[in-house]
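Contents: one structure, followed by commentary.
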Amino acid sequence: MRDFFISIWSIIDPLYFQCTRLTYPSCKEGNIFRVRLTKYKGRNIILSDGTLINKNDTLVKIHLHNVRLLKEFKNINSEIRKAKMIYKYVQMSLPGIENYIQNHTHSKKIKGIIGITMLNKGCERLGFEIFEISHPIYKWFKRISFLPIEILSSKNTSDWNVLKLHNPSYLFMSINKLSKYVQTMSEK
Numbered sequence: 001m002r003d004f005f006i007s008i009w010s011i012i013d014p015l016y017f018q019c020t021r022l023t024y025p026s027c028k029e030g031n032i033f034r035v036r037l038t039k040y041k042g043r044n045i046i047l048s049d050g051t052l053i054n055k056n057d058t059l060v061k062i063h064l065h066n067v068r069l070l071k072e073f074k075n076i077n078s079e080i081r082k083a084k085m086i087y088k089y090v091q092m093s094l095p096g097i098e099n100y101i102q103n104h105t106h107s108k109k110i111k112g113i114i115g116i117t118m119l120n121k122g123c124e125r126l127g128f129e130i131f132e133i134s135h136p137i138y139k140w141f142k143r144i145s146f147l148p149i150e151i152l153s154s155k156n157t158s159d160w161n162v163l164k165l166h167n168p169s170y171l172f173m174s175i176n177k178l179s180k181y182v183q184t185m186s187e188k
């Protein structure tokens, strides 16, 4: 049944890609992210490096390529192994995000990157800062929208436990922090 739903998702995904105005960062093959510019609509946020994110600031919204991950994880039972693979994919993809921002026509306006995830363990080590979604209706909406991914990705968790496991959170990273992170990675 899981394979059937992943196949259906694979068929629908290109339509989702078009409707959400997503694009692939062109500089890195295999980038796990799909991105688009967005105007931030949440509460004001101050990041650890002093970057202030205000309503209507321009950010790059990052989306994990979930259907690709689901296909790759189809035969992997270990949640720890999956988490390590996602961590590595994100780590390898961040230079492509930085390159996308540097080469974008609106690069001077872009203050940082934003994502919404239920996978926030280990994000700080990648340079992200986690902020709770404060609007209860939006938080509920994101939780429901992530439910199919949670159910399809976990072989051991019942549907009811998935509802209780995680809360969606914002992930932010300033442009400066992204550049420093990518530079540190390239020096290793």
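Numbering of the sequence shown is given in the UniProt record's numbering, commencing with residue 1 and proceeding in unit increments.
For glycine and all other residues, C-beta sits at the position ideal for the given N, C-alpha and C.
Secondary structure of residue i, DSSP reduced to three states
{"i": "K74", "result": "coil"}
{"i": "R81", "result": "helix"}
{"i": "I97", "result": "helix"}
{"i": "T184", "result": "helix"}
{"i": "F128", "result": "coil"}
{"i": "K108", "result": "coil"}
{"i": "S134", "result": "coil"}
Any C-beta of chain B under 8 Å from that of residue i
{"i": "K177", "result": "Among the chains of the structure shown, chain B does not appear; only one protein chain is present."}
Through-space distance from residue j to residue i, alpha-carbon basis
{"i": "I11", "j": "G50", "result": "43 Å"}
{"i": "I101", "j": "G30", "result": "17 Å"}
{"i": "K41", "j": "N56", "result": "6 Å"}
{"i": "N77", "j": "N120", "result": "20 Å"}
{"i": "F172", "j": "R143", "result": "18 Å"}
{"i": "K139", "j": "M185", "result": "33 Å"}
{"i": "K88", "j": "K82", "result": "10 Å"}
{"i": "I151", "j": "I6", "result": "11 Å"}
{"i": "N75", "j": "D3", "result": "11 Å"}
{"i": "K108", "j": "S134", "result": "28 Å"}
{"i": "H104", "j": "M118", "result": "28 Å"}
C-beta contact flag for residue i and residue j at 8 Å
{"i": "G115", "j": "I62", "result": "yes"}
{"i": "G112", "j": "L59", "result": "yes"}
{"i": "T20", "j": "V35", "result": "no"}
{"i": "H106", "j": "L37", "result": "yes"}
{"i": "S174", "j": "L94", "result": "no"}
{"i": "I80", "j": "L69", "result": "no"}
{"i": "Y170", "j": "F146", "result": "no"}
Burial state of residue i, where buried means 16 or more other Cβ atoms lie within 10 Å
{"i": "E187", "result": "exposed"}
{"i": "L15", "result": "exposed"}
{"i": "P168", "result": "buried"}
In DSSP terms, what residue i is bridged to
{"i": "R143", "result": "Paired residues: none, contrary to the question."}
{"i": "R36", "result": "K61"}
{"i": "T117", "result": "S169"}
{"i": "I53", "result": "I45"}
Residue i Cβ short of 7 Å to the ligand PLP heavy atom set
{"i": "I149", "result": "In the structure shown, the ligand PLP is absent, as is every other ligand, since no ligand is present at all."}
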